[in-house]
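Peer 1: Next up is a structure, given as structure tokens.
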Amino acid sequence: MENITITSTFTVYPSADALPADVNALMQQAVGARNNAYAPYSKFHVGAALLLENGKVVIGSNQENAAYPSGLCAERVAIFQAGALYPGVKILKMAITAASKQKPVESPIPPCGACRQSIGEYELKQQTPIEIWFMGETGKVYLSESLKNLLPMVFGSEYL
Ligand code: THU
188 MENITITSTF TVYPSADALP ADVNALMQQA VGARNNAYAP YSKFHVGAAL
238 LLENGKVVIG SNQENAAYPS GLCAERVAIF QAGALYPGVK ILKMAITAAS
288 KQKPVESPIP PCGACRQSIG EYELKQQTPI EIWFMGETGK VYLSESLKNL
338 LPMVFGSEYL
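With our numbering, the residue at position 1 of the sequence shown is 188, and numbering never jumps.
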């Protein structure tokens with residue numbers, strides 16, 4: 188019998204203002220995307236912005252549906268859009284922000300499990316890490332240097 192211990196490391200920035208300028212610019216694109224969320228049911232508005240290797244920025248926001256499971260998270264809207272528009276172009280960074288119409292969101296909002304799996308697919312495909320920067324509406328920003336910190340033991344095509 189043996190144990191396997193997996194550790195995850197995140198870098199914490201005190202606020203968006205403390206981010207490197209290029210990342211803050213990407214985060215502001217995520218804020219803009221967040222404002223286009225369609226979230227009449229949860230009233231939880233999420234925005235994501237991806238920086239691609241070709242310099243393009245691709246945004247996404249959560250899109251809800253009266254049939255709840257038919258909606259999609261901001262991160263997957265963005266990453267599928269990147270795959271559709273720029274197949275084969277690497278994704279370097281993802282910025283995520285969330286705000287609620289019902290309460291202040293002051294702590295960093297990480298991607299949900301399904302989004303982690305979807306981001307993982309692209310990280311495995313491109314064979315380079317995707318930086319994931321996430322925050323609430325205000326407050327601290329967390330950086331995960333790779334999806335692997337958020338989803339150790341990601342399921343990938345090598346198991347099929
Ligand atoms: N949501 C996202 O867009 N991303 C996440 O990672 C977490 C949740 C959305 C889905 C739904 O529209 C709302 O937030 C509440 O769950």
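Glycine included, C-beta positions come from ideal geometry on N, C-alpha and C.
(1) Identify, in the order they occur along the chain, each residue of the same chain with its Cβ nearer than 6 Å to the Cβ of residue 237, setting aside the five sequence neighbours on each side.
(2) Is residue 202 buried or exposed, if buried means 16 or more other CB atoms sit within 10 Å of its CB?
(3) Only counting runs of 4 or more residues, tell me where the alpha helix (DSSP H) segments fall wholly within the segment 294-334, in order along the chain.
(4) Go ahead and label residue 193 buried or exposed: buried means 16 or more other beta carbons lie within 10 angstroms of its beta carbon, across all protein chains shown.
(5) How far does the beta strand (DSSP E) with residue 239 in it extend, from its first residue to its last?
(6) Is the closest heavy atom of the ligand THU to the C-beta of residue 222 under 6 Å?
(7) Quick one: residues in its chain with C-beta nearer than 8 Å to the C-beta of residue 206, no 5 flanking neighbours on either side, listed in chain order?
(8) Compare the C-alpha of residue 243 against each of 223, 309, 216 and 227 and name the closest.
(9) Can you find at least 3 beta carbon pairs, one from the segment 297-309 and one from the segment 251-258, that sit closer than 8 Å?
Peer 2: Let's see:
(1) 245, 265, 269, 278 and 281
(2) exposed
(3) DSSP runs (the alpha helix (DSSP H)) wholly in the segment 294-334: 300-313.
(4) exposed
(5) 231-239
(6) no
(7) 200, 214, 320 and 328
(8) 216
(9) Flag = no, the segment 297-309 and the segment 251-258 do not touch.
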